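Asker: In this text, residue positions in the sequence shown follow this note's numbering: the first is 4, and each later residue adds one.
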Amino acid sequence: MKDIDEIKAIALEYGLRHAPSILAKGEGEEAMSIIDAAFDLGLPVIEDEALQRLLSGVDIGDEIPESLYRAVAVVLAWVFWLRGDDPAGK
């Protein structure tokens with residue numbers, strides 16, 4: 004298990020009319036708070052250190068860069084499938 008100081012988390016926000024954006028991010032205790040909040044809300048938590056490193060350079064509130072659309076789309080598609088949701092809301 005990782006030491007608490009090594010834990011990093013990024014929360015994404017997704018809407019149909021805009022690119023996903025960074026809702027929250029943090030390290031250590033702040034990361035654990037983000038992860039705990041996701042679990043409390045019944046949101047999926049995915050561990051992907053490579054994607055986390057790429058997204059860590061994006062500021063909170065900013066949309067993800069176009070270069071990361073495909074990687075984030077794969078994660079979102081998995082989340083929608085897991086939840087049985089239709090991403091288009093149909």
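C-beta: ideal position from N, C-alpha, C; glycine also. Model, not experiment: these values are computed from the prediction.
Buried or exposed: K28, going by 16 or more other Cβ atoms within 10 Å of its Cβ?
Answerer: By one-based count along the sequence shown, residue 28 stands at place 25. By the 10 Å Cβ count, K28 comes out buried.
Asker: Do L57 and V78 count as a contact pair if the criterion is CB distance below 8 Å?
Answerer: Taking the sequence shown and counting its residues from 1, one reaches residue 78 at position 75. Taking the sequence shown and counting its residues from 1, one reaches residue 57 at position 54. Contact flag unset, no.
Asker: Cβ of S36 within 8 Å of Cβ of G64?
Answerer: Here residue 36 refers to the residue found at position 33 when the sequence shown is read from its first residue. Here residue 64 refers to the residue found at position 61 when the sequence shown is read from its first residue. In this structure, G64 does not lie closer than 8 Å to S36 by Cβ.
Asker: Which residue comes first and which comes last in the alpha helix (DSSP H) that contains E9?
Answerer: Against the sequence shown, residue 9 aligns to sequence position 6. Unbroken run through E9: none, as it is neither H nor E.
Asker: Please confirm whether E32 and I13 have their CB atoms less than 8 Å apart.
Answerer: If you number the sequence shown from 1, residue 32 lands on position 29. If you number the sequence shown from 1, residue 13 lands on position 10. No, they are not a contact pair.
Asker: I need the DSSP call for L44, collapsed to helix, strand or coil.
Answerer: For the purposes of this step, residue 44 is identified with residue 41 of the sequence shown, where counting begins at 1. Reduced to three states, the DSSP call for L44 is coil.
Asker: Excluding five sequence neighbours on each side, which residues of the same chain lie with their C-beta closer than 8 Å to the C-beta of I67?
Answerer: Counting from one through the sequence shown, the residue named residue 67 turns up at place 64. Result list for I67: L15, A22, P23, S24, I25, L58, V61 and V75, in chain order.
Asker: Can you tell me where the alpha helix (DSSP H) holding E30 begins and where it ends?
Answerer: One-based indexing of the sequence shown puts residue 30 at position 27. Note, E30: premise wrong, no alpha helix (DSSP H); beta strand (DSSP E) at H21 to E30.
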